[in-house]
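A.B. asks: Residue numbers (the numbering used here), protein chains in the order written: chain L, -10 to 325; chain X, 49 to 425; chain W, 135 to 394; chain B, 46 to 479; chain E, 656 to 882. Glycine included, C-beta positions come from ideal geometry on N, C-alpha and C. Being a predicted model, the structure only gives us computed values, none of them experimental.
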Amino acid sequence: MDFLNAFIALANYVLVPGIAYGSQLALGALGVTLVYGILRFSNFAHGDTMALGAMSAVLLTWLFQGWGISLGPLPTALLALPFAIGLTILLLLGTDRVVYRFYREKKAKPVILVIVSLGVTFIYNGITRFIIGADDQNFLDGERFIISARDFKEMTGLEEGLSFKTTQGITIVTAIIVVALLFWFLNRTRAGKSMRAYSDNEDLALLSGINPERVVMITWMIVAALATTAGVLYGLDKSFKPFTYFQLLLPIFASAIVGGLGNPLGAIAGGFVIAFSEVTITYAWKKVLGYMMPEGLEPSGLVQLLSTDYKFAVSFVILLIVLLFKPTGLFKGQSV
Amino acid sequence: DAHAKEVKLGIVFGFTGPIESLTGPMSAGAEMAMKEVSDSGLLLDGATVTSARADSGCIDNGLAVSGAERLIAEGINGLIGADCSGVTGAVLQNVAIPNGMVMISPSATSPGLTTMEDNGLFFRTSPSDAREGEVMAEILQERGVESIALTYTNNDYGKGLADAIESSFKAIGGEVTIVAAHEDGKADYSAEVGALASAGGDLLVVAGYLDQGGAGIIKSALDAGAWDTFGLPGGMIGENLPKNIGPDLNGSYGQIAGSEGPGIETFTKMADEGGFDGTSPYTPESYDAAALFLLAMQAAGSMDPAEYKDKILEVANAPGTEIYPGELAKALELIKNGEDIDYVGASSVELIGPGESAGTYRMIEIRDGKNETIGFK
Amino acid sequence: MIVVDDIHKHFGGFHAVDGASLTIDAGSITGLIGPNGAGKTTLFNVIAGVLKPTSGKVHMDGENITGLPPHTLFHKGLLRTFQIAHEFHSMTCRENLMMVPGGQSGESLWNTWFGTRRIANEERALRAKADEVLEFLTIEHLADQKAGQISGGQKKLLELGRTMMVDAKIVFLDEVGAGVNRTLLNTIGDAILRLNKERNYTFVVIEHDMDFIGRLCDPVICMAEGRVLATGTLDEIKANEQVIEAYLGTGLKNKDKVGA
Amino acid sequence: MNATLRNTLLFGIIGALIVYVGFAQSWNSALLIISMGLISSIMALGVNLQWGFAGLFNVGIMGFVALGGLAAVLVGMPPTEGAFAAGGWGVVSALVLGALTILAVILVMRRMAAGWLRTLVVIAILIGGFFLYRALLDPAVERIEAINPAQTGYLGGLGLPVLLAWPVGGLFAAGAAWIIGKTALGLRSDYLAIATLGIAEIIIAILKNEDWLTRGVKNVIGVPRPVPYEIDLQNDPGFVERAASFGFDPVEASTLWVKVLYIALFAAVLLILLWMSQRALHSPWGRMLRAIRDNEVAAEAMGKDVTARHLQVFILGSAICGIAGAMMTTMDSQLTPGTYQPLRFTFLVWVMVIVGGSGNNFGAVLGGFLIWFLWVQVEPMGFWLMDLITSGMDLNSPLRAHLLESASHMRLLTMGLVLLLVLRFSPRGLIPER
Amino acid sequence: MTAGYGNGPDILHDCTIAVDRGEIAVIVGPNGAGKSTGMKAVFGMLDMRKGHVRLDGEDITDLSPQARVAKGMGFVPQTSNIFTSMTVEENLEMGAFIRTDDFRDTMAQVYDLFPILKEKRRQAAGELSGGQRQQVAVGRALMTQPKVLMLDEPTAGVSPIVMDELFDRIIEVARTGIPILMVEQNARQALEIADKGYVLVQGANAYTGTGKELLADPEVRKSFLGG
Ligand SMILES: Nc1ncnc2c1ncn2[C@@H]1O[C@H](COP(=O)(O)OP(=O)(O)OP(=O)(O)O)[C@@H](O)[C@H]1O
Ligand SMILES: Nc1ncnc2c1ncn2[C@@H]1O[C@H](COP(=O)(O)OP(=O)(O)OP(=O)(O)O)[C@@H](O)[C@H]1O
Ligand SMILES: CC(C)C[C@H](N)C(=O)O
Ligand SMILES: [Mg+2]
Ligand SMILES: [Mg+2]
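This is the structure we're talking about:
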């Protein structure tokens, strides 16, 4: 019996990746949930906004790398991030001006906006591929690991290694900071409260002297920041490839909804629910049990509940179960 | 008269969708062959060759079929494609057979297509995955691998290949600890890597696409320190993989359809000059597909599919003068003079039985971040 | 007719209805008054099946109807209006009324394909009936207007109109008067009296307008803090110290401002 | 301009566009657009029934369409020899056991008072049931999949006429919709949406991975057809002669004729469904649904059984999508589970409904045709656009090469642009609800 | 003023409403007469087709609603007049949104006026009873400390005791010199405290006079005030 190795194996293959992936989803879901909460529609273009934001960061990173600027052990992309956010803000504000504002003034139903955002998705998608192509792009530099599996083994003399990547660390830290900031902003600041008021009752917000266009503008700016950050962190950790960002949309929406739409806390919780249900249910316990069981009793089979083919399906089953018991998500989301 | 003649070849590839990054070089390869022939002015007494593209989406039957239908309408004389096995079946059944159009796919490798009813209209310049399974098993055995974990991209290609590898490897006494599918284009592969690592094995064989889930799996596995070496079937061989993953991949090995000899080298050089990557998967095969069409037309003296379809096997196989990339003009000349040719091309085309490549494989090992050819099988 | 027995309804820790018991006699027009937040609407919602009580029972004609869904209660002859108008906003006012009667043969899909003749006849009758109600409510000119685009008071009228489309046994009116012009409210009062006399409808009326209550209701029940505070005729209630303190008040302090 | 005129004009424009394709490209392309347009319209009709009439946000269309496709295989394909004997009973008993397990759980949930004991019992039943189920299923599946895996390796179908698969596809979808409806219809708007989306993903995951049922990702190829094969027509002297008398060559005539037959079948289905939906919409039933859509609480108070109506509409709409799915697989003659992607089968249909005008059946049909037309025709438009843009450029400029290279990516971009433009000029759809 | 919704017909026809410093003006009229429409038009929430709105002599016809708020106009609409998802206290804070000074005093005053709101200040306003919502709505408008206060049926659904207090408070507010424009169906009580009364019928001024005059007019009493 060897609990330590069992735990390290579990941590290495389930806990750490789950937390990192969960944070990535959470950051994405925050953006979706914010648009839903304040502008009241499900923004399909969020995935591709992330892609575009990340793309600007990639290009800027290359530029900086070309100039020889670097952040030492940290990825240069972090330096590019603020500029990329700026570009994305411009993009989103432009889109709002040209596209969304019209429907807002027309007081179009949310579903129309959903379809409109699908159109925007297509366009963003085209732009990204046009500029940077459809391929994988690598823009990660700096120290790759905070601790790598091999180093860990050497250090501890254990059989199992535990690797912890720089990008995972950054992702988790950023997620925590961003959530705290967002919370403070929405619940404590005037601008934040005016955003919530606007989302609740547009006409009445007007009567309270809130300038709706300002609210919308601030929303898009925050969304741009969130999307770009999420996109860059995801790209650093996995890789930048335009197509995956569209695919990322599904788990992101699942996270936002399972947590309760429009609720930032929910987005975080949802991200982890989805991430961990993907990672754990299809996990093969053979290795872990191998360490835990007394000698001779180690399992011969995989001890896997379901094959990984179903990991996506399983995360949706969990989502369904959550919704059946909590119809508006874990944290009482809104619904239009 | 020379000027009136125009041969048009259609290309149905997934320019958008999950293999969009492969299709650029693939179509460039095919079009290079067309240009070569066109420039020679020797085809059918000076016909020019043009290409017409349509998007298959790789996985969208409806789109692929209507695209192919459009190409037929544009008056093509042959159809290169489709790329992915699924849409290839759909286009074959719904467009090619009804219209009596010949199709040569450079990349649809599913074993299922071998036995599909095709009225003699379907060929492919790539071998069936059934063969690759055997080859890979042999390679693994030679390297002393006793057990493997196996993951595949969840489509007909990946599944067929994984089945083939699994059964071949087991047949020669190897152990397969787990066979797990992965979906392409997903955001995260920790779950798959977790399961694979738990099952263990000397080596992780990744039967996927190099810039899709396959790369994601390898990255995840390396990051977690689960494996250092990987087995890489054809879909994983390409310069993008070592480029994106870096030095950690050194020492991994695999194989891809292709053969020894000057064919591929010449082709790579030609591709470089043409401004695209000749080693990108299925790019040589695409060149060969286009070349086969044109040579068969020359042999039949006609661009009517019904007439040249029987000539394809003839020009592709021995006996005859061996023809390599860049030698299409020579081949046309020879055929015109009534001599036999044996088209070898960039991927060592040797069509067997139902019109698919016999399959020699290039063994690859990644050294210093490069795909090195270390032998052939 | 309706017996409400020790109903409790809690929202989280808050006891909106806290042990209310009351009896509504068949054929009466019962007034239900009480301060804002006394739990009147909540009690209505419990009786009408919109909310499930935390505890307690509701009987109608001896039958336990606690927790039955609203649509079942509707078919048992229990109707209600909403304090905050619940119009069908994208439908015309006439359609708002025509949809009400239950058991229309056109509500079965099969008939929509193969029973069109019957449907057409029924529809004609319904339409006539709806127009009659609209006219009564003085909003016949709005028959083809979308219900989402009528004035606040008109919505309340429409709300009332729906209950007039069918033969009900008991009708719960939640502040029909709020926002309705007083002259029209008098007419509505007349109608209620007439329905009560001629068709023997039972009414339960929540209202803050004491004139209206006085004209129609006997008995009057006053609720406060989720419980029944007092029951009796309006005069008795008006004399009740507790009621005055909690609900009626003593009139304007600033009377002198008038005309100043 | 009055509404009827406008609508006729809109349909006229679509017609003209298709005819233009006929002349400019080929009649085969034009007919193909029509037949896929018809199928798309049917899907849009189903979604419109759910969304436009009843306000149910179903984003699981893909799943129902796929179930229709499954029906085509199970009805139309010949049975695999020996497969049923090998593992058929095992599979059937496993499935029955699975159903019983769930039934048992439901019973326990109903009968026992809530509390930790109930939770415990439920979990015990679920876990026990699951392992029993796997124990029964796995060996049976293994035996079935061992039968000539490259060609069959699945149970096969019933070998019945494939036209039967259309109603059966509807039934499959209806069955699934019933289960979903029973569990998830209580959810509101976007929560229902993601639930249905998830269920669709689950259905696809099953189709992709249960090889014994559908050959999984290996695809079922060669589903029989309800219409003759082109090759047979080309070899039929009578047909060739007739074709010749109209001045067609046999190949073209056969391909066109087959498409015309398909179109006739599809159009018949569409017309029947359209008639039924129109009748339903303009009846007290439709009125009741609109009332429910506008305000569920009030409708409930007015005696309408909202839950039952929602379930009914959900089942009907899904069944229509199932029928369309079966039709589509029949026309493709193959079931390719990998092609079922939400973008193509769910969101595209939604675009059809919204652009056409939700709440209006003719709008749905128009949207179906228009969006499908664009989906397949914007690609040439993209090329054309790029040609135009680059026409003034230096032949060797890298920018020009890059632009031309990107032309295929422009397909989605153009699609997005057109979508935004249409919605800009008629934000409530081309044929809005009256 | 002449105004209407979207491109529908005119709802208001050359209708005139005015209120002076320290005055209370009450608008009465049958349902659908255009009272609410008139209020919205004054506040710039729909397109005015003819006519002007003047504040202290300044023409503000072209200002946006939020600009009018900044100019010191406060409005309580008839329907959806609270932020349902925000707490009571946040509702009140939103009322003071444009204020930069310390508004805790005003909030305390509002809580004094409507004690129940203080009790429920952490509760989401959407969970309140009908009458409580109405109190929140009025409270929100008071928080603005407006220069003109416009109320659309503030007493609809509130209990007599609260209604009295509300009127009391309105009078107090008026005494501080703030003009108040109010639509009421509890017309008799309202007209009693009104300096000026307007009867609106079908979008046009039908009767105008002091509150007393209108109350005394038998025609008006019978047709609009319920006898
Ligand atoms: N969904 C809810 N959640 C929490 N509290 C609620 C909810 N609904 C009502 N309440 C509370 O219950 C109490 C009773 O509300 P109810 O609507 O029944 O009052 P009412 O007597 O109808 O008052 P009014 O005369 O103002 O309409 C109120 O204090 C209200 O705040
Ligand atoms: N959003 C709208 N769109 C179109 N017409 C409307 C709209 N709202 C109200 N109307 C119409 O305008 C007219 C006047 O409505 P308004 O709300 O001003 O009446 P009101 O005098 O306030 O009545 P009430 O006392 O019932 O509140 C009504 O006939 C109504 O049908
Ligand atoms: C383009 C290729 C990677 C396609 C693959 N060989 C298939 O058959 O699907
Ligand atoms: Mg109430
Ligand atoms: Mg009004």
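Taking only heavy atoms of ligand 3 into account, decide whether any of them is closer than 7 Å to the Cβ of Ala195/B.
C.D. replies: no
A.B. asks: To which residues of the same chain is Val392/W closer than 8 Å at the C-beta, ignoring the five residues directly before and after it?
C.D. replies: At Val392/W, the pLDDT of 42 sits below 50, so the modelled position is not reliable; the number obtained from the coordinates is stated separately. Result list for Val392/W: empty, nothing under 8 Å.
A.B. asks: Can you tell me where the beta strand (DSSP E) with Val681/E in it begins and where it stops?
C.D. replies: Ile679 to Val683
A.B. asks: Pull up the distance between the alpha-carbon of Ala452/B and that of Gly105/X, whole angstroms please.
C.D. replies: 14 Å
A.B. asks: Would you report the Cα separation of Leu797/E and Leu177/W, rounded to the nearest angstrom?
C.D. replies: 32 Å
A.B. asks: With 16 other CB atoms within 10 Å as the buried threshold, where does Thr755/E fall?
C.D. replies: By the beta-carbon neighbour count (other beta carbons within 10 angstroms, threshold 16), Thr755/E is exposed.
A.B. asks: Bridge partners for Arg415/X per DSSP, in chain order?
C.D. replies: In the DSSP secondary-structure assignment, Arg415/X is bridged to Lys418/X.
A.B. asks: If you run the structure through DSSP and keep just helix, strand and coil, what is Tyr237/X?
C.D. replies: coil
A.B. asks: Measure from the alpha carbon of Ala358/W to the alpha carbon of each residue in Val180/W, Ile158/W, Thr157/W and Ala172/W, then state which is nearest.
C.D. replies: Ala172/W
A.B. asks: Step through the CB atoms of chain X and report whether any lies within less than 8 Å of the CB of Leu77/B.
C.D. replies: yes
A.B. asks: Can you list, in chain order, the residues of its chain with a C-beta nearer than 6 Å to that of Leu768/E? Leave out the 5 residues immediately preceding and following it.
C.D. replies: Arg824
A.B. asks: Can you give the Cα-Cα distance for Leu343/X and Arg101/X, rounded to whole angstroms?
C.D. replies: 21 Å
A.B. asks: Select from Lys303/W, Arg316/W, Asn320/W and Ile167/W the residue whose C-alpha is nearest the C-alpha of Thr397/W.
C.D. replies: What is shown of chain W runs 135 to 394, which leaves residue 397/W out entirely.
A.B. asks: Using beta carbons (cut-off 8 Å, strictly below), is Phe33/L in contact with chain X?
C.D. replies: No, Phe33/L lies away from the interface with chain X (no Cβ there is under 8 Å from its Cβ).
A.B. asks: Taking 7 Å as the cut-off, is the beta-carbon of Thr157/X closer than that to any non-hydrogen atom of ligand 3?
C.D. replies: yes
A.B. asks: On the criterion of 16 or more Cβ atoms from any shown chain inside 10 Å, does Thr136/X qualify as buried, or is it exposed?
C.D. replies: buried
A.B. asks: May I ask you to report which of helix, strand or coil DSSP gives Ile79/B?
C.D. replies: Residue state, collapsed to three classes: helix.
A.B. asks: Can you give me the start and stop residues for the beta strand (DSSP E) that His230/X sits inside?
C.D. replies: Glu223 to His230
A.B. asks: Taking only heavy atoms of ligand 2 into account, decide whether any of them is closer than 7 Å to the Cβ of Thr692/E.
C.D. replies: yes
A.B. asks: Tell me which residues share the same chain as Gly190/W and place their Cβ nearer than 7 Å to its Cβ, disregarding the 5 neighbours each side in the sequence.
C.D. replies: Asp139, Asp140, Ile141 and His142
A.B. asks: What are the uninterrupted segments assigned as alpha helix (DSSP H) that are 4 or more residues long and contained completely in the region 795 to 867 of chain E, given in chain order?
C.D. replies: Qualifying alpha helix (DSSP H) stretches, in chain order: 815 to 830 and 842 to 848.
A.B. asks: By Cβ distance, which residues of its chain are closer than 6 Å to Thr863/E, with the 5 residues on each side in sequence left out?
C.D. replies: Tyr853
A.B. asks: In chain order, what are the residue ranges of uninterrupted alpha helix (DSSP H) at least 4 long that sit wholly in the region 300 to 371 of chain X?
C.D. replies: 310 to 322, 331 to 348, 353 to 356 and 359 to 364
A.B. asks: Please indicate yes or no: does the CB of Thr70/X lie closer than 7 Å to some heavy atom of ligand 3?
C.D. replies: Residue identity check: residue 70/X is Leu in the sequence provided, not Thr. Because some heavy atom of ligand 3 lies under 7 Å away, the Cβ of Leu70/X counts as near it: yes.
A.B. asks: Using 8 Å as the threshold, is the C-beta distance between Ala210/X and Ala247/X below it?
C.D. replies: no
A.B. asks: Nearest chain B C-beta to Gly58/X closer than 8 Å, yes or no?
C.D. replies: no
A.B. asks: Taking 6 Å as the limit between beta carbons, can you name the residues of its chain near Ile213/X, skipping five residues before and five after?
C.D. replies: Gly181 and Met184
A.B. asks: Roughly how many angstroms separate the alpha carbons of Glu420/X and Thr156/L, rounded to a whole number?
C.D. replies: Roughly 31 Å separates the two Cα atoms.
A.B. asks: With a threshold of 7 Å (Cβ to nearest heavy atom), would Ala204/X be considered close to ligand 3?
C.D. replies: Just to set this straight, residue 204/X is Asp in the shown sequence, not Ala. For ligand 3, at least one heavy atom lies less than 7 Å from the Cβ of Asp204/X.
A.B. asks: Taking 6 Å as the limit between beta carbons, can you name the residues of its chain near Phe324/X, skipping five residues before and five after?
C.D. replies: Result list for Phe324/X: Pro73 and Ala76, in chain order.
A.B. asks: Can we count Pro829/E as close to ligand 1, meaning its CB is less than 7 Å from some heavy atom?
C.D. replies: Here residue 829/E is Ala; the residue named in the question, Pro, does not match the sequence. Relative to ligand 1, Ala829/E has its C-beta separated by 7 Å or more from all heavy atoms.
A.B. asks: Identify the residues that DSSP records as bridge partners of Cys356/W: which are they?
C.D. replies: Here Cys356/W is bridged, per DSSP, to Ile167/W and Ala364/W.
A.B. asks: Is any beta-carbon of chain B found at less than 8 Å from that of Asp352/X?
C.D. replies: Under the Cβ distance rule, Asp352/X does not count among the residues neighbouring chain B, no pair being separated by less than 8 Å.
A.B. asks: Mind checking Ala46/L: buried by the 16 CB within 10 Å criterion, or exposed?
C.D. replies: buried
A.B. asks: Would you say the region 362 to 382 of chain X touches the region 86 to 103 of chain X, given that touching needs at least three Cβ pairs under 8 Å?
C.D. replies: Three or more Cβ pairs drawn from the region 362 to 382 of chain X and the region 86 to 103 of chain X lie within less than 8 Å of each other, which places the two stretches in contact.
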